[in-house]
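Protein chains in written order, with the working numbering: chain A, 1 to 316; chain B, 1001 to 1557.
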């Protein structure tokens, strides 16, 4: 077990270095750069841009820049944002809370509702409920979030005036209730799609288990249907969901760009897009490393967890 | 991004010119806060009351006004800092930290323009309570040319010599050359406190840069990254105002969402990038909102790379100009908002030449021009002359949908003439990087404000020595080279009497209109809006951002 863990960590480290090299190269080889956004400013000259590039160390050879970046990273210095001059970890940390709040709530809703719909749909296969859930899932999966978000704003904010049109909280308020009321629309809009995803997975997984021999055996033993379902069917059907949750961890912390944009939610998705747009290399690299770590950690945790709950799997 | 073409410029009026150089200081003696109360019905409150939320579609992130930044950053700077003197909507200077706008008459500037003397306001305090003195002005002007500091702009400041603090309220310096645009540059230079940088090893990462201390009407409150910035009223402000307890700059990245939040009332003032033209009709009829069309200094043009063989023949440039149906573009694609123009100079400028030849859309003229010049149709339907095919690419920022439609429209018109235009658009960071700066394009559609600071000087864009592709230092990406224009620009930069300068800039505009390194399409206009209850909001074409006079905004009760 310990050796397994050590091996996985070592693999992860190598992967991280490779990811960072590719990321750094792609980012820097793309034409343009952090200074091109200033080109159309009145009075801007190539000379001034060159001077800034030199001061920021952007005119050094790429391998030197990479080595410099990596050396600082190893020492725990993730660099500073080109945009607001803040340490990269601070920048990420500030957006993480907003994302955790939105994605956490929304994921919780989608897992709870999704698994319930999935189980129910599988148990009562080809019932009206199952068909409705299937059609609903198709609709949910095909509706563009951006459009759906705007429609929700028009209906609930402009027309009915029930909910705020966006933002994480009212500036100057920020109480628990204030956060909660702002959270309703974006988290539900986001959950809408994810419920469908979770529902589809759960339905398939349940159907997979429900036809297994051990379920028949359990029924033959005379166990009550409820125990059969809860203990034998759902318990086993949830196993692949753990892996799915592990794989989804990075996207949960990575933010939901579209929802964040429509509801002006200051989360990670927008940070990534903004940093990319401004060629804010240190932050983009920081986010890249952060999400790479999450992918690796998510997979590792899921593997460990599956081994823990499923006695058939032994690691090492 | 670089594609947001809102910028500083001036239209110095005769009054401003007189203020600066000749006449007594009377014309410059009003405060910015008094401006913009023309349509105000109610008097401002006795003490700061309420808050205003201004929505921006880009996030302000740079709070040291002298580091590289974008327009919205200046919005915040205008609330926190003051320049020595600023520039109002009519192009006249008004004193801020300086007691009076320096002029030849009041002894502020020597007759040859080489010696400057500024008298400063007494008793002004920084937000942390420390007194503002001439040392701060000296520090600011030195910081701008500090080789270790990532200075936004050295233009003008690099000519300053012998900065001398005569007394806490007086500072003098000499200019290495007579540089007329310097007054306008100073009007956009915010003064920062020396003491905030005491003992700071690296000025680029000073704590000040993220918690600025100014003399302005509002002091730094807090920033929620990716969301908003909150400023609080400065009770000790030396001018009139502030009349608001708090000003909040809210970042709303999507223009549709920005407009929606303006409609719902979540934001009080819709700032950069304002209301999109397609929403203008609806916005006009919104209850409780004031919406108006405001001209901008940015001029949209079809620009050539003059070193490309296709464009060396003036007949080609003239023919292409004749083949552009400007009015249709403006009406059909831009909702009729912009104004057609013949000059790179904004029409509100004192230096704008209104007598330039008028453009006429005429395909026959275009065809005749090309025929006469010897561009003959080839078997492939494309004209050619001496082995040069009349085929070129046209580029602009990818994703700018209206411009892309303009390109397609022009492509069709040009095709009828036997000219092949290929559209090759690039993402902003690529488009305005080396591709633009090093003149790697054939032709582009671009919106530019050509003026240096708040002055008619366009040397950086039009002097033959300003092309980076030829080793120059400026942004003459057209690689335009006309000795007459070179000479006139040189002359114009050293003349301090506006009436005299005017003649020169009229001549330059005439020459450029004749040479057509760029085909001027129109001058931009934007649709701005705010809640009807907010008084004092006033557009100022001479600055890059709305909140320039936020000190005088208030809620009409």
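Even for Gly, the Cβ is constructed at its ideal location relative to N, Cα and C.
Neighbour flag for residue i against chain B, beta carbons, 8 Å
{"i": "residue 270 of chain A", "result": "yes"}
{"i": "residue 261 of chain A", "result": "yes"}
{"i": "residue 52 of chain A", "result": "yes"}
{"i": "residue 65 of chain A", "result": "no"}
{"i": "residue 150 of chain A", "result": "yes"}
{"i": "residue 91 of chain A", "result": "yes"}
{"i": "residue 95 of chain A", "result": "yes"}
{"i": "residue 200 of chain A", "result": "no"}
{"i": "residue 59 of chain A", "result": "no"}
{"i": "residue 212 of chain A", "result": "no"}
{"i": "residue 191 of chain A", "result": "no"}
DSSP-derived helix/strand/coil call for residue i
{"i": "residue 1034 of chain B", "result": "Per-residue confidence for residue 1034 of chain B stands at a pLDDT of 38, beneath the threshold of 50, marking its modelled position as unreliable; no derived number is given."}
{"i": "residue 1384 of chain B", "result": "strand"}
{"i": "residue 1124 of chain B", "result": "coil"}
{"i": "residue 1520 of chain B", "result": "strand"}
{"i": "residue 1164 of chain B", "result": "strand"}
{"i": "residue 227 of chain A", "result": "helix"}
{"i": "residue 299 of chain A", "result": "helix"}
{"i": "residue 134 of chain A", "result": "helix"}
{"i": "residue 122 of chain A", "result": "helix"}
{"i": "residue 1228 of chain B", "result": "strand"}
Distance between residue j and residue i (C-alpha atoms, nearest Å)
{"i": "residue 278 of chain A", "j": "residue 1225 of chain B", "result": "15 Å"}
{"i": "residue 1251 of chain B", "j": "residue 1403 of chain B", "result": "25 Å"}
{"i": "residue 1437 of chain B", "j": "residue 1422 of chain B", "result": "21 Å"}
{"i": "residue 228 of chain A", "j": "residue 1256 of chain B", "result": "52 Å"}
{"i": "residue 1398 of chain B", "j": "residue 126 of chain A", "result": "48 Å"}
{"i": "residue 1227 of chain B", "j": "residue 72 of chain A", "result": "29 Å"}
{"i": "residue 134 of chain A", "j": "residue 244 of chain A", "result": "20 Å"}
{"i": "residue 1095 of chain B", "j": "residue 291 of chain A", "result": "52 Å"}
{"i": "residue 1 of chain A", "j": "residue 248 of chain A", "result": "25 Å"}
{"i": "residue 56 of chain A", "j": "residue 1149 of chain B", "result": "10 Å"}
{"i": "residue 1087 of chain B", "j": "residue 1546 of chain B", "result": "13 Å"}
{"i": "residue 1484 of chain B", "j": "residue 1236 of chain B", "result": "52 Å"}
{"i": "residue 1184 of chain B", "j": "residue 1135 of chain B", "result": "22 Å"}
{"i": "residue 1274 of chain B", "j": "residue 1528 of chain B", "result": "6 Å"}
{"i": "residue 168 of chain A", "j": "residue 103 of chain A", "result": "13 Å"}
Contacts that residue i makes with chain A (C-beta to C-beta distance below 8 Å)
{"i": "residue 1168 of chain B", "result": "Simply none; closest approach about 31 Å."}
Contact list for residue i against chain A, beta-carbon separation under 9 Å
{"i": "residue 1432 of chain B", "result": "32, 36, 37, 38, 39 and 40"}
{"i": "residue 1228 of chain B", "result": "167, 171 and 266"}
Terminal residues of the beta strand (DSSP E) in which residue i lies
{"i": "residue 1437 of chain B", "result": "Counting along the chain, residue 1437 of chain B falls outside any beta strand (DSSP E), though it belongs to the alpha helix (DSSP H) covering 1434–1437."}
{"i": "residue 1051 of chain B", "result": "1051–1056"}
{"i": "residue 1094 of chain B", "result": "1093–1095"}
{"i": "residue 25 of chain A", "result": "Looking at the DSSP string, residue 25 of chain A is not in any beta strand (DSSP E); the run it does join, the alpha helix (DSSP H), is 2–29."}
{"i": "residue 1295 of chain B", "result": "1289–1304"}
Beta carbon proximity, residue i to chain A, threshold 8 Å
{"i": "residue 987 of chain B", "result": "Chain B is shown only over 1001 to 1557; residue 987 of chain B falls outside these bounds and no answer can be derived."}
{"i": "residue 1420 of chain B", "result": "no"}
{"i": "residue 1059 of chain B", "result": "yes"}
{"i": "residue 1555 of chain B", "result": "no"}
{"i": "residue 1345 of chain B", "result": "no"}
{"i": "residue 1449 of chain B", "result": "yes"}
{"i": "residue 1442 of chain B", "result": "no"}
{"i": "residue 1505 of chain B", "result": "no"}
{"i": "residue 1296 of chain B", "result": "no"}
{"i": "residue 1603 of chain B", "result": "With chain B represented from 1001 up to 1557, any question about residue 1603 of chain B goes unanswered, as that position is not in the structure."}
{"i": "residue 1205 of chain B", "result": "yes"}
Beta carbon proximity, residue i to chain C, threshold 8 Å
{"i": "residue 1128 of chain B", "result": "No chain C appears in this structure, whose protein chains are A and B."}
Where residue i meets chain B, residues with beta-carbon distance less than 7 Å
{"i": "residue 55 of chain A", "result": "1150"}
{"i": "residue 153 of chain A", "result": "1260"}
{"i": "residue 274 of chain A", "result": "1059"}
Contacts of residue i in chain A (Cβ-Cβ under 7 Å)
{"i": "residue 1263 of chain B", "result": "158"}
{"i": "residue 1436 of chain B", "result": "39"}
Range of the contiguous alpha helix (DSSP H) that encloses residue i
{"i": "residue 189 of chain A", "result": "176–210"}
{"i": "residue 1501 of chain B", "result": "1498–1515"}
{"i": "residue 80 of chain A", "result": "Counting along the chain, residue 80 of chain A falls outside any alpha helix (DSSP H), and DSSP gives it neither H nor E."}
Contacts that residue i makes with chain B (C-beta to C-beta distance below 8 Å)
{"i": "residue 180 of chain A", "result": "Correct list: empty, because the minimum Cβ distance to chain B is about 18 Å."}
{"i": "residue 28 of chain A", "result": "In chain order: nothing, as chain B lies at least about 12 Å away."}
Residues that residue i contacts on chain B, provided the C-beta gap is smaller than 9 Å
{"i": "residue 83 of chain A", "result": "1059, 1061 and 1062"}
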